[in-house]
Amino acid sequence: MDKVVADAAEAVADVPDGASLAVGGFGLCGIPGVLIHALLDRGTTGLRVVSNNCGVDDWGLGLLLREGRIARVTGSYVGENKEFARQYLDGELEVELVPQGTLAERLRAGGTGIPAFYTPAGVGTPVAEGGMPLRYAPGGGSVALASPPKETRFFGGREYLLEEGITTDFALVRAAVGDRHGNLVFHASARNFNPLAAMAGRITVAEVERLVEPGELDPDAVHLPGVFVQRVVVAEAEDPRAERRVERRTVRETVPARDREGGN
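Taking the working numbering, the leading residue of the sequence shown gets 167, the next gets one more, and so forth.
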């Protein structure tokens, strides 16, 4: 039952080239940075990644992307990653864009053994009708591979389209607290896609900021039960790979106190 491994390198040592990988996080919030760096150091390539987005140019999954280690991305947001956009438009990267809520449900469905489900999201758009560019021809311009049309049905007079659940070879997630049995607790918004990605992975690796002994976690406080987690690695706070960056920092202009009080 003790699922703790010595370090991140050991935790991802058997991730082969071409593996499919569900990765938690939203923007840079809750991303498994230590595990991503371990894959980068290992040289794993040809990865097929399922994640809400692909990090930024110099952090998160963007590090793997920059080195040409990712072959395909299933996600919902290109975000601040210029290299992501460049590789996609130049025909170097295959991309399946999915409505964000649909992506979340596809991961959850795959993790609970549901092969497919119907949703109204995307009806009447290229998501349902097909033709969305999955891959451009080298150098950009023409579409080399387009998305196929999806099955639709009417329920109660409303049209829905069929979406398939997602399962992956591996999943990488980050949690605030975990125990040796793999039970995880996420902090605030870092919960985002992490539980869903963990459920979808056949082998799920969790990096945790704090490791506790079995029985220390209140069962009602557990966000993800250990049945979904196969490996746990501690992300040491002093490890620069565990840095929690802010994707875009916005601050307001400081107003002098005398102006706030109506002074001249």
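Note that the Cβ used here is the ideal one computed from N, Cα and C, for glycine as well.
Query - Other residues of its chain near I236: CB distance less than 6 Å, five sequence neighbours each side excluded - result: To locate residue 236, count along the sequence shown from 1; it is residue 70. Excluding sequence neighbours, I236 sits near L213, V215, L230.
Requested in this report: Would you grab the beta carbon distance between V374 and A174 for me? Rounded to a whole angstrom, and I think it's under 8 Å.
Outcome: Locating residue 374 in the sequence shown gives position 208, counting from the first residue. Locating residue 174 in the sequence shown gives position 8, counting from the first residue. The pair is not a contact, with the Cβ atoms about 11 Å apart (cut-off 8 Å).
Report task. Indicate whether I332 and R272 have their beta-carbon atoms separated by less than 7 Å. Result -> Residue numbering aside, residue 332 sits at position 166 when the sequence shown is read from its first letter. Residue numbering aside, residue 272 sits at position 106 when the sequence shown is read from its first letter. Going by C-beta atoms, I332 is nearer than 7 Å to R272.
Requested in this report: Would you tell me roughly how many angstroms separate the C-alpha atoms of F447 and R368, rounded to the nearest one?
Outcome: A question about residue 447 goes unanswered here, because the residues of the chain that appear run from 167 up to 430.
**Report entry** Validate contact between the stretch 334-351 and the stretch 304-312 using beta carbons, cut 8 Å, 3 pairs
**Finding:** The stretch 334-351 vs the stretch 304-312: no contact.
Requested in this report: Could you tell me whether the Cβ atoms of G234 and L227 are closer together than 7 Å?
Outcome: Walking along the sequence shown from the start, residue 234 turns up at place 68. Walking along the sequence shown from the start, residue 227 turns up at place 61. Between G234 and L227, the C-beta spacing is not below 7 Å.
Query raised in the report: By the 10 Å Cβ neighbour count, where 16 or more other Cβ atoms means buried, how is K169 classified, buried or exposed?
Result: As a first step, residue 169 must be located in the sequence shown, where it is residue number 3. Counting of Cβ neighbours within 10 angstroms places K169 among the buried residues, the total reaching 16 or more.
Query - Element boundaries [alpha helix (DSSP H), containing Y284] - result: On the sequence shown, position 118 is the one that residue 284 refers to. First-last for Y284: 282-285, but that is the beta strand (DSSP E), not the alpha helix (DSSP H).
Report task. Would you be able to state if there are at least three C-beta pairs under 8 Å between the stretch 380-395 and the stretch 414-424? Result -> Taking 8 Å as the limit for Cβ pairs, the verdict is that the stretch 380-395 does not touch the stretch 414-424.
Query raised in the report: Roughly how many angstroms separate the alpha carbons of E258 and P380, rounded to a whole number?
Result: Position 92 of the sequence shown holds residue 258. Position 214 of the sequence shown holds residue 380. For E258 and P380, the distance between alpha carbons rounds to 46 Å.
Query raised in the report: How far does the beta strand (DSSP E) with A342 in it reach, from first residue to last?
Result: Numbered from 1 along the sequence shown, position 176 holds the residue referred to as residue 342. For A342, the enclosing beta strand (DSSP E) begins and ends at 334-345.
Query raised in the report: How would you label E329, buried or exposed, when you count the other beta carbons within 10 angstroms and need 16 or more for buried?
Result: The residue labelled residue 329 in the question sits at position 163 within the sequence shown. Buried: at least 16 other Cβ atoms inside 10 Å.
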